[in-house]
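Residue 78 in this note's numbering sits at position 78 of the sequence shown, with consecutive numbering throughout. Backbone N, C-alpha and C define an ideal beta-carbon position, used for all residues, glycine too.
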Amino acid sequence: MKILFGIQGTGNGHISRAREIVPLLQQYGEVDLLISGTEAEVSLSQPLKYRFHGFSFVFGKKGGVDNWATFKIMNLPQLWRDMHSLPLSQYDLIINDFEPVSAWACRLQKVPSVSLSHQCSFVSPNTPRPKKWNYAEWLFKYYSPTTHHVGFHFERYDDFIHTPVIRSEIREMETANLGHYTVYLPAYDDKTLLKHLSQTEAQWQIFSKRQKTPYRSGNVEIFPVNNEAFNTSLANCEGLLTGGGFEGPAEALFLKKKVLMIPMKGQYEQQCNALAASKLGVPVVNEINDKFAGHLNNWIQDDKKVIVNFPNETAQIVDDLVKRYARK
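Here it is as structure tokens:
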């Protein structure tokens with residue numbers, strides 16, 4: 001069997017999940033990997049068959065998307081050419097994690113494909129989102145359209161939605177509480193974070209997309225983004241201060257860490273994730289402003305932790321997907 005797995009390369013969550021799923025898929029046949037997009041620091045250990053520019057957004061420095069930088073890297077003619085040039089007839093199964101080139105190539109060539117992603121959970125009207133409709137609902141529907149859906153979210157909101165994929169390296173980690181707080185907020189620059197974190201007495205470890213070498217400023221350490229270093233920091237922290245992503249908060253909750261979420265401004269998916277997490281009891285702050293240090297101190301002093309049940313079902317999910325959707 002030949003399998004094509006298309007993976008979104010914006011952010012680290014998609015690739016982190018793929019690191020767990022790819023070895024499972026390889027048990028069923030030859031797997032070709034395709035990645036499109038930018039802005040990821042985590043990499044796969046397996047070689048890529050296809051690498052496309054794709055269609056990505058760029059993280060800003062003030063809590064949102066950098067629209068001008070996003071526009072500058074956009075290359076719609078290349079996206080169009082890539083969609084039409086991708087050979088698909090050789091594959092028995094095409095799987096997609098919110099990746100637009102392979103999704104639209106399948107649609108244009110009338111080839112079935114399966115979404116295996118967090119984003120496809122929004123196909124269900126039961127998945128939490130703000131009451132006010134947002135144009136980004138069109139992105140969920142048309143950014144990477146597929147014929148079948150296998151979704152992940154914090155809870156099982158529908159029959160095709162599963163709890164998060166927690167990587168084996170996280171499940172098997174020994175945890176401790178060394179008292180520090182881990183920070184991953186790629187949409188804010190280091191100076192903004194230092195200004196507010198330094199107003200607390202806690203110890204902080206920031207993982208920064210903009211930093212190439214580690215340094216310390218008072219009670220705050222800043223490190224370049226590195227998968228192993230981040231995992232170690234997370235396993236030994238008191239809590240995680242992060243954006244409105246999905247995989248990072250899910251892994252922190254699995255490790256029984258406190259979580260405080262700050263969803264990106266104007267990023268609808270993160271707003272939805274934060275709403276879903278808040279229903280579990282995770283505190284959410286909408287922006288970093290003059291009141292932020294007070295929110296931090298309240299969170300630091302609160303010992304309440306959210307209890308979740310994220311069983312290890314990834315192998316079974318992959319097995320069911322292959323048996324159900326692979327061409328006979």
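Original post:
Out of curiosity, what's the CA-to-CA distance linking S124 and F98?
Top reply: 16 Å
Original post:
Are there 16 or more other CB atoms within 10 angstroms of the CB of N12, so buried, or fewer, so exposed?
Top reply: By the 10 Å Cβ count, N12 comes out buried.
**OP:** Consult DSSP for P224 and reduce its assignment to one of helix, strand or coil.
**Re:** strand
Subject >> Exposed unless 16 or more other CB atoms sit within 10 angstroms - verdict on F5 >> reply: With a 10 Å radius around the Cβ and a threshold of 16 neighbouring Cβ atoms, F5 comes out buried.
**OP:** Decide yes or no for the touch test of the stretch 235–242 against the stretch 255–267: beta carbon pairs closer than 8 Å, at least 3 of them.
**Re:** By the Cβ test, the stretch 235–242 is in contact with the stretch 255–267, since at least three Cβ pairs between them sit closer than 8 Å.
**OP:** Could you have a look at S198 and say whether DSSP puts it in helix, strand or coil?
**Re:** coil
Original post:
Where does V22 sit, in a helix, a strand or coil, going by DSSP?
Top reply: helix
Subject >> Cα-Cα separation between E228 and I3, rounded to whole angstroms >> reply: 29 Å
**OP:** Could you check how far apart the C-beta atoms of L253 and L234 are, in whole angstroms? I think they sit under 8 Å.
**Re:** With a Cβ gap of about 11 Å, L253 and L234 do not count as contacting.
**OP:** Could you name the residues of the same chain whose beta carbon sits closer than 8 Å to that of K72, not counting the 5 residues immediately before and after it, in chain order?
**Re:** Unreliable placement is indicated for K72, whose pLDDT of 47 sits below 50; no coordinate value is reported for it.
**OP:** With a threshold of 16 other CB atoms inside 10 Å of the CB of A315, please say whether the residue is buried or exposed.
**Re:** exposed
Original post:
What does a CB cutoff of less than 6 Å around A250 pick up in its chain, not counting 5 residues either side in sequence?
Top reply: Contacts found: P164.
Original post:
Straight-line CA distance for P145 to L280?
Top reply: 29 Å
Original post:
Quick one: what's got a C-beta closer than 6 Å to Y215's C-beta in the same chain, skipping five residues either side?
Top reply: I222, listed in sequence order.
**OP:** Could you tell me if Q90 is buried or exposed, where buried requires 16 or more neighbouring beta carbons within 10 angstroms of its beta carbon?
**Re:** Exposed, since its Cβ has fewer than 16 Cβ neighbours within 10 Å.
Original post:
Between L86 and H149, what straight-line distance do the alpha-carbon atoms span, to the nearest angstrom?
Top reply: Just so you know, the alpha carbons of L86 and H149 end up roughly 22 Å apart.
Original post:
What three-state label does DSSP hand H180 in the structure shown?
Top reply: strand
**OP:** Starting from the C-beta of D92, find all residues in its chain whose C-beta is less than 8 Å away, skip the five residues before and the five after it, and write them out in chain order.
**Re:** M1, K2, I3, G29, A326 and R327
Original post:
Expressed to the nearest angstrom, what Euclidean distance is found between the alpha-carbon atoms of H118 and E172?
Top reply: Annotation: H118 to E172 spans about 23 Å, alpha carbon to alpha carbon.
Original post:
Which stretch, first to last residue, makes up the alpha helix (DSSP H) that contains W299?
Top reply: W299: member of the alpha helix (DSSP H) spanning F292 to Q301, first to last residue.
Original post:
Helix or strand or just coil, what does DSSP make of G239?
Top reply: strand
Original post:
Among T232, P47, R129 and S278, which residue has its Cα nearest to the Cα of I170?
Top reply: T232
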